[in-house]
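Numbering (this note's numbering), first residue to last: 15 to 437.
Reading through the structure tokens given below for one structure.
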Ligand code: PMP
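This is how it looks when you write it as structure tokens:
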């Protein structure tokens with residue numbers, strides 16, 4: 015049996031694989047990975063943004079190796095873990111949240127589950143607001159706040175969710191409006207949703223500053239600041255899901271929410287922080303974080319291997335000013351894509367190194383998911399890995415490691431122009 019056949023036999027049907035001929039990656043260095051046939055690819059999806067700073071980074075490997083050499087991969091979170099405390103101090107300071115405390119998990123899903131549990135406990139309400147076209151994970155509460163049918167694995171979530179407009183601008187009812195009018199219309203919708211679908215004592219709103227799985231959808235700057243004013247009237251907590259947008263990836267700001275002029279009550283994070291190691295977490299106002307009165311909720315969250323690795327990643331981002339690199343390389347990527355003339359390209363959007371290309375049937379806005387599949391395969395054939403997403407599966411997502419160079423951006427643009435050109 016081939017590896018694909020063995021995968022299909024023993025793993026769930028819903029564990030989807032990219033590509034008609036799925037890829038097995040066996041090694042990596044910098045922004046390049048090599049598959050089991052020896053073919054090399056430039057990675058412009060960073061393993062779905064799990065890889066913030068590239069592959070085979072000596073500083074991270076050395077930090078993890080030193081931990082392994084101690085003989086301890088992990089003991090228990092019942093004992094003091096120096097690297098966990100240090101990383102928490104660091105993230106609390108970076109968060110801009112006054113009086114912040116941090117709880118570590120092993121994934122973004124767990125981080126959002128924890129944030130939702132904290133908000134519902136703190137407010138003693140299971141009513142929650144979420145954005146249409148959102149993705150926050152697929153455990154029991156997070157699946158409830160994921161506003162995309164393709165990812166809604168279960169409709170039996172314990173939270174009672176109302177969805178609001180704002181995240182996905184290209185196709186929403188307010189698509190034609192100016193930034194200011196769009197924001198005003200969304201604020202009006204938020205008020206109406208609170209008034210008509212909740213009892214007012216809502217626990218929280220959870221939102222991605224730029225929707226990731228939803229297709230790298232960028233709302234107008236300031237939208238969530240305007241939302242926060244409404245939330246404050248009701249005492250509703252605001253959770254910014256920074257799982258994709260954190261650590262400087264959006265270029266302008268260290269956190270995606272920075273573009274909105276508001277400090278959230280909580281932020282959740284994961285993915286890039288570990289550069290492939292399993293780590294996530296929540297940073298929250300102390301009063302909210304300490305809402306739980308029971309014992310801790312993770313055995314592995316904040317283990318030494320993950321926290322020494324994550325600390326090395328944060329050091330690397332700061333030492334190499336990767337936020338500035340994300341801004342510069344992202345602007346070049348966006349400009350290069352906008353220069354590609356194709357009737358299949360409906361929208362090119364993004365911020366920093368989160369750039370999306372929405373593909374449509376020529377002459378209108380009808381989604382073209384089959385074109386997205388063709389671009390995914392066409393770029394692979396040209397030695398480039400990209401992502402796919404969006405409510406209609408018609409968005410190509412580009413998010414290389416934040417160490418990406420100008421030459422690599424040009425190389426990716428060539429491959430993309432070639433793949434889009436052959437549609
Ligand atoms: N939030 C967002 C915004 C995400 O993009 C993801 C993963 N795609 C998650 C949460 C869930 O993270 P994980 O897969 O680490 O559980």
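Quick reminder that beta carbons are idealized off the backbone N, C-alpha and C, glycines included.
Residues that residue i bridges to, as DSSP identifies them
i: residue 193; result: None, per the DSSP bridge assignment.
i: residue 145; result: 178
i: residue 252; result: 219
i: residue 409; result: 372, 403
i: residue 398; result: 56
CB-CB length for residue i against residue j, believed under 8 Å
i: residue 399; j: residue 35; result: Not quite, the Cβ-Cβ distance comes to about 14 Å (not below 8 Å), so this is no contact.
i: residue 128; j: residue 311; result: 7 Å
i: residue 373; j: residue 410; result: 7 Å
i: residue 122; j: residue 370; result: Going by Cβ atoms, the distance from residue 122 to residue 370 rounds to 19 Å, so no, they are not a contact pair.
i: residue 514; j: residue 77; result: Past the edges of the chain, shown from 15 to 437, lies residue 514, and the structure says nothing about it.
i: residue 39; j: residue 49; result: 6 Å
i: residue 393; j: residue 338; result: At roughly 27 Å, the Cβ-Cβ gap does not stay under 8 Å, so residue 393 and residue 338 are not in contact.
i: residue 278; j: residue 253; result: 6 Å
i: residue 171; j: residue 154; result: 6 Å
i: residue 125; j: residue 284; result: 6 Å
i: residue 98; j: residue 313; result: Not confirmed; about 13 Å, so no contact.
i: residue 120; j: residue 315; result: 6 Å
i: residue 234; j: residue 196; result: 6 Å
i: residue 263; j: residue 199; result: Between residue 199 and residue 263 the Cβ distance is about 28 Å, and since that is not below 8 Å, they are no contact.
i: residue 289; j: residue 74; result: 6 Å
i: residue 33; j: residue 391; result: 7 Å
i: residue 383; j: residue 408; result: 5 Å
i: residue 136; j: residue 305; result: 4 Å
i: residue 193; j: residue 221; result: Actually they do not touch by this definition, with Cβ atoms about 17 Å apart.
Identity of the residue in the options nearest residue i by Cα
i: residue 427; options: 120, 216, 357, 353; result: 353
i: residue 29; options: 164, 132, 112, 82; result: 164
i: residue 265; options: 158, 430, 79, 415; result: 415
i: residue 281; options: 291, 288, 268; result: 268
i: residue 379; options: 198, 183, 200, 317; result: 183
i: residue 275; options: 292, 237, 31, 288; result: 237
i: residue 381; options: 391, 359, 423, 396; result: 359
i: residue 109; options: 325, 291, 271, 329; result: 271
i: residue 361; options: 395, 53, 231; result: 231
i: residue 79; options: 326, 305, 348; result: 326
i: residue 152; options: 136, 145, 169; result: 169
i: residue 208; options: 357, 145, 328; result: 145
i: residue 53; options: 435, 397, 423; result: 397
i: residue 201; options: 174, 291, 246; result: 246
i: residue 203; options: 193, 81, 188; result: 188
i: residue 91; options: 309, 431, 423; result: 309
i: residue 349; options: 86, 206, 424; result: 424
i: residue 82; options: 319, 389, 355, 387; result: 319
i: residue 65; options: 212, 357, 328; result: 328
i: residue 175; options: 193, 190, 147, 212; result: 212
i: residue 385; options: 435, 412, 351, 345; result: 435
i: residue 41; options: 345, 95, 68; result: 68
i: residue 346; options: 303, 412, 389, 206; result: 412
i: residue 87; options: 292, 205, 148; result: 292
i: residue 101; options: 307, 93, 118; result: 118
i: residue 173; options: 94, 158, 186; result: 158
Test: residue i CB closer than 8 Å to a CB of chain E
i: residue 431; result: The question asks about chain E, but that chain is absent: this structure has only one protein chain.
Notebook entry, point to check: Looking at C-beta atoms only, is the number of pairs between the segment 177-184 and the segment 98-106 that lie closer than 8 Å three or more?
Noted result: no
Check: At a cut of 8 Å, does the segment 221-232 reach the segment 394-411 through at least three beta carbon pairs?
Finding: yes
Next item on the list: Could you name each continuous alpha helix (DSSP H) segment of 4 residues or more that falls completely within the segment 185-231, going from the start of the chain to the end?
Entry: 193-211
Next item on the list: Could you name each continuous alpha helix (DSSP H) segment of 4 residues or more that falls completely within the segment 91-176, going from the start of the chain to the end?
Entry: 96-109, 122-137
Next item on the list: For the segment 268-298, list the beta strand (DSSP E) runs that are entirely contained and at least 3 residues long, ordered along the chain.
Entry: 280-283
Next item on the list: Evaluate the contact criterion for the segment 37-45 versus the segment 410-422: three or more CB pairs, one atom per stretch, below 8 Å.
Entry: yes
Next item on the list: Inspect the CB distances between the segment 327-342 and the segment 109-121 and report whether three or more fall short of 8 Å.
Entry: no
Next item on the list: Say whether the segment 297-312 touches the segment 129-138, bearing in mind that this needs 3 or more beta-carbon pairs closer than 8 Å, one atom from each stretch.
Entry: yes
Next item on the list: Report the residue ranges of all beta strand (DSSP E) runs contained in full by the segment 39-95; include only those spanning at least 3 residues, in chain order.
Entry: 39-43, 46-49, 54-57
Checklist line | Sequence ranges, alpha helix (DSSP H) only - wholly within the segment 336-388, length at least 4 | finding: 336-352
Note to self: For the pair the segment 253-266 and the segment 361-369, tell me if three or more CB-CB distances fall below 8 Å.
What the structure shows: yes
Note to self: Taking 8 Å as the cut-off, does the segment 214-224 touch the segment 140-151 (at least 3 CB pairs, one atom from each stretch)?
What the structure shows: yes
Checklist line | At least three beta-carbon pairs within less than 8 Å, the segment 152-163 to the segment 239-250 | finding: no
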